[in-house]
Each structure stands twice: as structure tokens, then as C-alpha cells.
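Encoded as C-alpha cells, the structure appears first; notes follow it.
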Amino acid sequence: MIRPDYHSAVRFCPCCGHSVEQKESIVIEYWQGEHNVCFTWCHVCGWRGEITEIKRVTTTEIPE
Ligand SMILES: [Zn+2]
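Everything in the sequence shown is counted per our numbering, starting at -14 for the first residue and increasing by one.
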């Protein structure tokens, strides 16, 4: 049973923007090491994939 006060980190489809909190869509949250991963399937557009929360990003600085 899902707690009524529980909300996943993913609330909207990254493809069409429709809410994935409705019972027809799927959001399964799990952990890989220190990363929080949400498998998401949108019932409106059919997009499915994994969304990973990133806590730190390392990038290069592009010269101007
Ligand atoms: Zn969608």
C-alpha cells in the first residue's frame, strides 16, 4: 500500500509533460548505490525510461 502522503521525485512526464501521479502511469523508485533512480512510464504518450537524481555535476568551462 502506498502512503497517501508519499510523493515521488518524478511528478510529470519528461516527454509530454502530463502528470505521472495518476494510477494509470507507473513510477517505481529504487536506489543504485548512492543514486536515487525512478523508472517512469507515461500512459498518455507511452514514454518510458529511468530518471536519476544528480547531486553534483562536473563540467568543463568553454573558452569565450
Ligand atoms: Zn508522456
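Just so you know, even glycine gets a beta-carbon here, dropped at the ideal spot from N, CA and C.
I need the straight-line Cα distance from residue i to residue j, nearest angstrom please.
| i | j | result |
| --- | --- | --- |
| Glu38 | His28 | 22 Å |
| Val5 | Gly18 | 25 Å |
| Cys30 | Glu46 | 36 Å |
Determine, using beta carbons only, whether residue i and residue j come nearer to each other than 8 Å.
| i | j | result |
| --- | --- | --- |
| Ser(-7) | Glu14 | yes |
| Thr25 | Ile36 | yes |
| Val22 | Val(-5) | no |
Classify residue i: buried if its beta carbon has 16 or more other beta carbons within 10 angstroms, exposed otherwise.
| i | result |
| --- | --- |
| Cys1 | exposed |
| Cys(-2) | buried |
The beta strand (DSSP E) with residue i in it runs from where to where?
| i | result |
| --- | --- |
| Thr25 | His20 to Trp26 |
| Gln17 | Ile11 to Gln17 |
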